[in-house]
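Beneath this line is the structure, given in structure tokens, with notes to follow.
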Amino acid sequence: MLKASLAPEAGALSEPVVESRTPAADRGGWRRTLMLAMMTLIYALNYLDRQVVVILQEPIKADYKLLDWQLGLLTGASISLLYTAMSIPIARWVDRGLHRVRLIATITALWSILTAACGLTRSFGQFIVARMGVGMAEAGFTPAAHSLLSDLYPVRKRPWAMGIFSLGISIGIMTGMAVGGFVAQRYDWRTALMVVGLPGIVVAAAFALLAREPARGESEVGTAVVDKVEPMKFGVAVKALWRRPAYVHVVLGSAAASFASTAIFSWVPSLLIRVHGMSLAEVGLGLGLLSGLSGLIGTSLGGWQAARFGARGLHAMLWAPIGGLALSIPLFIAAFYASSGQATLITMFAPLVLVALWTAPSIALTQSLAPLAARATASAVYIVTANVLGVALGPIVIGLLSDIFTRSTGNTGTGLRWALTVAALIFAWSILHWSLALRALKRMPAAA
23 MLKASLAPEA
33 GALSEPVVES
43 RTPAADRGGW
53 RRTLMLAMMT
63 LIYALNYLDR
73 QVVVILQEPI
83 KADYKLLDWQ
93 LGLLTGASIS
103 LLYTAMSIPI
113 ARWVDRGLHR
123 VRLIATITAL
133 WSILTAACGL
143 TRSFGQFIVA
153 RMGVGMAEAG
163 FTPAAHSLLS
173 DLYPVRKRPW
183 AMGIFSLGIS
193 IGIMTGMAVG
203 GFVAQRYDWR
213 TALMVVGLPG
223 IVVAAAFALL
233 AREPARGESE
243 VGTAVVDKVE
253 PMKFGVAVKA
263 LWRRPAYVHV
273 VLGSAAASFA
283 STAIFSWVPS
293 LLIRVHGMSL
303 AEVGLGLGLL
313 SGLSGLIGTS
323 LGGWQAARFG
333 ARGLHAMLWA
343 PIGGLALSIP
353 LFIAAFYASS
363 GQATLITMFA
373 PLVLVALWTA
383 PSIALTQSLA
393 PLAARATASA
403 VYIVTANVLG
413 VALGPIVIGL
423 LSDIFTRSTG
433 NTGTGLRWAL
443 TVAALIFAWS
453 ILHWSLALRA
463 LKRMPAAA
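Numbers in the working numbering are just positions in the sequence shown, counted from 1, shifted up by 22.
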């Protein structure tokens, strides 16, 4: 049995020193590929169950007689509250050796059941509680998945693997929009929630049967299989991460980008319905295909460029995200003021590709900058920050602005357009932090 030891100093970021017997970075190729494919599918279900409410929010608003800020609460904060609260505790359990495969299988089944249960609610309060349950169940998936993938893929292949994994976001959004809109148009929004929720139970069972738990640190070049890694205390892990400015700015840049992109994704369906008179099925199919295709292209390109240019240094991973976000701002604003729904969808394609470029590099960097014993914690801090500043606040803040601008202009379409313009401008905040992260990475020693 081999035991990895970590430097005891607070803030130490060195990897564990392990006696090397055999390289473990490339073993188990077929099973590793299968697990990556299954985790990508589960990530798609994660976003499908999370985002399907976006396409359903107009009929839900009519049923429960809600204001826009309440819709923002439903699509953002309701799912993010317990998601945020539980991410770090679950990540700490993962870093202490919790079986990640069993955890992922269990919580996938749980959030799928709770998504279907949302369709059975009879009040806005009940819906909020059910959505909070979905958020609580989903909280453990990303830290566990990031930790699992980091043990399956070595540093040189990690950006590619994270890029493939991140495709689940686009697949989930595309499927949720298209299927949710079609089923709601043909039946109702309650049926749509049950249709998208229940298949996750089957996928969870399949993952539990087919996936295997890798040893901690298995992918690290020059190390043997690690049977045990001494966990870092939470305060020590956070202090170590905080002392790396590159990690801090990557997290803050991701949070700002999440704020803007989540707000836009949450409110563009309402823009298409309110301003351009499109039906639920039209919006679901059009926006679903658009966001799915653009996300697949952008996320794949982001992972490819991070792996290719990252060989020149970790800082090179950020060139494309910075340029992409800068170009997306005027393109998004042009889309919001297009003359028709079709023109809005066509104009949004390019900026949606551009804003997807940052996803894979940000995940790969947070894992590469974290100590082996704190990878799940690094992922959880990243997720919590992105959810508190982005997912939770983005839809509700833009919803509040929409209400304020609507009262000021007397036109709900104009109010929503102005609010979405503010959301697009938030990408400038993200660009600032990505640029600071790039500068910090360039100053890091090559071995860091």
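We put the beta carbon where it would ideally sit given N, CA and C, even for glycine.
Q: Ignore the nearest five residues each way along the sequence and tell me which others in ILE385's own chain have a CB closer than 6 Å to its CB.
A: Cβ neighbours of ILE385 within its own chain (closer than 6 Å, five residues either side excluded): MET184.
**Q.** Beta-carbon separation (whole angstroms), HIS168 vs SER401, contact threshold 8 Å
**A.** The beta-carbon distance between HIS168 and SER401, rounded to whole angstroms, is 4 Å. This is short enough to meet the 8 Å contact definition.
Q | 8 Å Cβ cutoff met for VAL201 and VAL218 | A | Closer than 8 Å, so yes.
**Q.** ARG5, DSSP secondary structure in three states
**A.** Because the chain spans 23 through 470 in this model, residue 5 falls outside it and cannot be assessed.
**Q.** Residue ranges of each alpha helix (DSSP H) within the segment 48–75, 4 or longer
**A.** If we require 4 residues or more, the segment 48–75 turns out to have no alpha helix (DSSP H) run fully inside it.
Q: Report yes if the CB atom of THR106 is closer than 8 Å to the CB atom of ALA398, and no otherwise.
A: Contact flag unset, no.
(Q) On the CB-based measure, 16 or more other CB atoms within 10 Å of its CB, does ALA392 come out buried or exposed? (A) Residue burial is scored here from C-beta neighbours: ALA392 has at least 16 other C-beta atoms within 10 angstroms and is therefore classed as buried.
Q.
Would you call the segment 55–74 in contact with the segment 181–196, where contact means no fewer than 3 C-beta pairs closer than 8 Å?
A. The segment 181–196 and the segment 55–74 touch, with three or more beta-carbon pairs separated by less than 8 Å.
Q: Assign ILE448 to one of three DSSP states: helix, strand, or coil.
A: For ILE448, the three-state secondary structure derived from DSSP is coil.
Q: Indicate whether LEU387 and VAL205 have their beta-carbon atoms separated by less than 8 Å.
A: No, Cβ-Cβ distance for LEU387 and VAL205 is not below 8 Å.
Q | Simplified DSSP assignment, three categories, for VAL177 | A | Coil, per DSSP.
Q: On a CA-only basis, which of LEU374, HIS121, GLY335 is nearest LEU315? Give me that one, please.
A: When C-alpha distances from LEU315 are compared across LEU374, HIS121, GLY335, the shortest belongs to LEU374.
Q: In the DSSP assignment, find the alpha helix (DSSP H) that holds VAL375 and state where it starts and stops.
A: Segment 363–377, the alpha helix (DSSP H) holding VAL375.
Q: For LEU353, name the three-state secondary structure that DSSP assigns.
A: Taken through DSSP and simplified to helix, strand or coil, LEU353 comes out as helix.
Q. From VAL270, THR137, GLY162, pick the residue whose C-alpha is nearest to that of VAL151; which is it?
A. Minimum Cα distance to VAL151 is reached at THR137.
Q. Taking DSSP as the reference, what is the three-state secondary structure of HIS298?
A. Residue state, collapsed to three classes: coil.
**Q.** Buried versus exposed, by CB contacts within 10 Å (16 or more), ARG178
**A.** Result: exposed.
Q: Go ahead and pull the three-state DSSP assignment for ASP210.
A: Three-state result, ASP210: coil.
Q | Under the three-state DSSP convention, the category LYS83 falls into | A | Here LYS83 sits in helix by DSSP.
**Q.** ARG122 versus ALA356 - alpha carbon distance
**A.** Roughly 44 Å separates the two Cα atoms.
Q: Taking all protein chains shown into account, decide if GLY51 is buried (16 or more other Cβ within 10 angstroms of its Cβ) or exposed.
A: Its Cβ having fewer than 16 others within 10 Å, GLY51 is exposed.
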